[in-house]
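A.B. asks:
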Amino acid sequence: MHDLPMTASAIDRDGPARSEPGLLETLLADPATRVLDLVGDRAALEPDRTLALRAPRPGDADGLLLYLGRLDGTAHLAVCRPTPPGTPVPREERLDAAPFASLREVAADLPAAQATLFATALGLANWHVRHPRCPRCGEPTDVAQAGWVRRCPHDGAEQYPRTDPAVIMAVTDDRDRLLLARNVGWPEGRFSVLAGFLEPGETIAGAVAREVGEEVGVSVTDVRFVADQPWPFPASLMLGCTARATTTELTCQPDEIAEARWFTREDFRRELLDGYVRAAGRLSISGRLIEGWLGQRLDEVSGEGERLPG
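Numbered per numbering that gives the first Met the number 0, the sequence shown spans residues 0 to 309.
(1) If you draw a straight line from the alpha carbon of D36 to that of V219, how long is it in whole angstroms?
(2) From the DSSP output, which residues share a beta bridge with Y66?
(3) Rounded to whole angstroms, what is the Cα-Cα separation between E19 and T6?
(4) Taking the straight line between their C-alpha atoms, what separation do you get for A74 and H153?
(5) By how many angstroms is the C-alpha of E255 removed from the C-alpha of Q295?
(6) Would you list, in sequence order, the uninterrupted alpha helix (DSSP H) runs of no fewer than 4 residues that lie entirely inside the stretch 34-65?
(7) In chain order, which beta strand (DSSP E) runs of at least 3 residues are fully inside the stretch 91-148?
(8) If you count every other CB in all the chains shown that lies within 10 Å of the CB of P253, and 16 or more means buried, which is it?
(9) Helix, strand or coil for T263? Go by DSSP, reduced to three states.
(10) Answer with buried or exposed for L24, where buried requires no fewer than 16 other C-beta atoms within 10 angstroms of its C-beta.
(11) Provide the residue(s) that pair with Q228 in DSSP beta bridges, ordered along the chain.
(12) Quick one: grab the DSSP three-state call for T171.
(13) Whose CA, out of A112, A242, N182, lies closest to the CA of L3?
(14) Considering only residues of the same chain and omitting the five flanking positions on each side of R189, which have a CB-CB separation below 7 Å?
(15) Using only the alpha-carbon positions, how far apart do E210 and E248 sit?
(16) Express the C-alpha separation of P46 and A204 in angstroms, rounding to a whole number.
(17) Between which two residues does the beta strand (DSSP E) harbouring L293 extend?
(18) Considering only C-alpha positions, which residue in the set A145, D298, D173, M237 is nearest to L26?
(19) Would you identify the three-state DSSP class for D29, choosing helix, strand or coil?
(20) Where does R176 fall in DSSP's three states?
(21) Helix, strand or coil for G195? Go by DSSP, reduced to three states.
(22) Taking the CB atoms as reference points, tell me whether V215 and L238 lie closer together than 8 Å.
Here you go:
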């Protein structure tokens, strides 16, 4: 899990500076400041597919400005221009020397700190789009503290970015088989580990046990935390765990799970090579949990066809 995308800690989030008067104006006036352009859920890229981080330009203050913190001592901002989901990429972006791409497309290949910058900007931008009004009185709110607060001018209430914790778990039985499932709405053959959101008053272990029980009717014990990963689609923190099943009979929750199966390593490799099973990519912690059980990278399995039994 050491190279799990979007988990780099090299960024100084510089929280105390967010409340400094005139911070954004000062940073926009400094040519050393680096700016990330975010249009909808897409960021600008260099030809080598790294983030196109540029100097401030006139007009940047017209967009939603977010202070992302400092990387190697340099301040980084995001300029966000929301677009509705599914909006075609404008012609000028398609022709620009810096193409645009979504975080899902590039996070696994970006330098670690850049993937975290992108994830932070996208998570904040998603929050602003979804929370434009005060939940107390319904009035439109103003952006404050360099993009990290929305403040109601009517009643003074402050709203802060929210993150929804979710558990995601690799469940194995006493034969070391892995439990994988296909969600309703997923195409045939797409399998992953189970996941679900924590509920109020619930522990991580409690959420793992509840979700597995609700979705496939299996009881688990020995829940262990493995790693976590920001998942700004739109605003989650994935808490990766392992657990051991004490029962193995599967009863799928009909409105959530289309099918679920126990896989041996041999069956999983064979069906992955045959194309029947499609597993998660290496962007998400789900793929890494599967790799931890499998004992190898998923993208390396395709070279093993002649060595697998059957």
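Note that CB positions come from ideal geometry on N, CA and C, so glycine has one too.
C.D. replies: On the basis of the coordinates in this document:
(1) Reading the sequence shown from its first residue, position 37 is the one you call residue 36. Reading the sequence shown from its first residue, position 220 is the one you call residue 219. When rounded, the distance between both Cα atoms is 45 Å.
(2) Here the question's residue 66 lines up with position 67 in the sequence shown. Residue pairing for Y66: DSSP places it in a beta bridge opposite L76.
(3) As a working mapping, residue 19 is identified with position 20 in the sequence shown. As a working mapping, residue 6 is identified with position 7 in the sequence shown. Using only the alpha carbons, I get a separation of about 27 Å.
(4) As a working note, residue 74 is residue 75 in the sequence shown. As a working note, residue 153 is residue 154 in the sequence shown. If I take the Cα positions, the gap works out to 32 Å.
(5) Residue mapping note: residue 295 aligns to position 296 of the sequence shown, counting from 1. Residue mapping note: residue 255 aligns to position 256 of the sequence shown, counting from 1. Near 29 Å, if we compare the C-alpha coordinates of E255 and Q295.
(6) Taken in chain order, the stretch 34-65 contains no complete alpha helix (DSSP H) segment of 4 residues or longer.
(7) Counting only runs of 3 or more, we get 99-101, 141-143.
(8) The residue you call residue 253 lines up with position 254 of the sequence shown. Exposed, because fewer than 16 other Cβ atoms sit within 10 Å of the Cβ of P253.
(9) Position 264 of the sequence shown, counted from the first residue, corresponds to residue 263. Of the three classes helix, strand and coil, the one that applies to T263 here is coil, per DSSP.
(10) By one-based count along the sequence shown, residue 24 stands at place 25. Rather than Leu, the amino acid found at residue 24 in this sequence is Glu. By the neighbour-count definition (other C-beta atoms within 10 Å, threshold 16), E24 is an exposed residue.
(11) Position 229 of the sequence shown, counted from the start, is the residue given in the question as residue 228. M237.
(12) Residue 171 sits at position 172 when you count from the first residue of the sequence shown. DSSP places T171 in strand when its eight states are reduced to three.
(13) The residue labelled residue 3 in the question sits at position 4 within the sequence shown. For the residues A112, A242, N182, the minimum Cα distance to L3 belongs to A112.
(14) Numbered from 1 along the sequence shown, position 190 holds the residue referred to as residue 189. The answer, listed in chain order, is R181, R277.
(15) Here residue 210 corresponds to residue number 211 of the sequence shown, with the count starting at 1. Here residue 248 corresponds to residue number 249 of the sequence shown, with the count starting at 1. C-alpha separation (whole angstroms): 15 Å.
(16) Within the sequence shown, residue 204 is the residue found at index 205, counting from 1. Within the sequence shown, residue 46 is the residue found at index 47, counting from 1. Taking the straight line joining both Cα atoms gives about 44 Å.
(17) Within the sequence shown, residue 293 is the residue found at index 294, counting from 1. Boundaries around L293 are those of the alpha helix (DSSP H), 284-293, since no beta strand (DSSP E) includes it.
(18) Taking the first residue of the sequence shown as position 1, residue 26 is located at position 27. In terms of CA proximity to L26, A145 leads the group A145, D298, D173, M237.
(19) Within the sequence shown, the letter at position 30 stands for residue 29. Reduced to three states, the DSSP call for D29 is coil.
(20) Your numbering for residue 176 matches position 177 in the sequence shown. DSSP, reduced to helix, strand and coil, places R176 outside both helices and strands of the structure shown, so it counts as coil.
(21) Numbered from its first residue, the sequence shown carries residue 195 at position 196. In the structure shown, the three-state DSSP call for G195 is strand.
(22) One-based indexing of the sequence shown puts residue 215 at position 216. One-based indexing of the sequence shown puts residue 238 at position 239. Here V215 is not near L238, since their CB atoms are 8 Å or more apart.
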